[in-house]
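Student: Quick note: the sequence shown uses my numbering, first residue 1, plus one each step.
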Amino acid sequence: MDSDISILLEAPSAEEFVMLRETANWKSPSLVLVNQSIQSSLFHVTIRTGKDLIAMARIVGDGVMYFYIQDVVVSPNHRQKGLGSILMQEIERYLEQNAPSNATVGLLAATGKESFYERYGYVIRPTEALGHGMCKFT
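Written out as structure tokens, the structure reads:
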């Protein structure tokens, strides 16, 4: 890992958030909505090289029963350097300290990234006890 990498437990700006999501070919709503979403998040972790945002992740939810891992993104130029693992280690540390017993932690993995999250104890659905996870995009 580069020596000028900084791991920060802070939110990115709305502009940075949109730019990093675009590197993953993810769409974003308006900056006003992105800013509201960022401010409503429970937890953020960002990784920077100098002042440049190169990776981020966050947790959204009610902070009591439900926690949802969202926007785990590493810039294409910085992939395969362990940054995704650093993001998830910080996410897991937050959850260990803040999610009570029997809370539900969810995420939607990008195609082909399921095994990455399995390392942290997440299961692919359906299982014998759990049905398919579902979502709706508006």
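Where is the CB? At the ideal position from N, CA and C, for every residue including glycine. Note that the structure is predicted; figures quoted are calculated from it, not measured.
Given a threshold of 16 other Cβ atoms within 10 Å of its Cβ, counted over all protein chains shown, does D71 qualify as buried or as exposed?
Tutor: Under this definition D71 is a buried residue.
Student: Measuring straight from C-alpha to C-alpha, what distance separates G106 and N35?
Tutor: Rounded to whole angstroms, G106 to N35 spans 22 Å at the Cα level.
Student: With respect to the beta strand (DSSP E) encompassing S45, which residues constitute its N-terminal and C-terminal limits?
Tutor: Residue identity check: residue 45 is Val in the sequence provided, not Ser. Its beta strand (DSSP E) spans residues F43 to T49.
Student: Rounded to whole angstroms, what's the CA-CA distance from E22 to K81? Just pull it up for me.
Tutor: If I take the Cα positions, the gap works out to 20 Å.
Student: Mind checking which residues open and close the beta strand (DSSP E) that includes I59?
Tutor: Here the beta strand (DSSP E) through I59 covers D52 to G61.
Student: Taking 9 Å as the threshold (C-beta atoms), are Y94 and F137 in contact?
Tutor: Not in contact: F137 and Y94 (Cβ atoms no closer than 9 Å).
Student: Grab me the residues of I91's own chain with a C-beta within less than 7 Å of its C-beta, minus the 5 sequence neighbours each way, in chain order.
Tutor: The answer, listed in chain order, is V45, A57, I59 and I69.
Student: Could you tell me whether the Cβ atoms of G63 and N98 are closer together than 9 Å?
Tutor: Contact flag set, yes.
Student: Could you please give me the residues that DSSP links to F137 through a beta bridge?
Tutor: Answer by DSSP bridge pairing: none, since F137 is not bridged.
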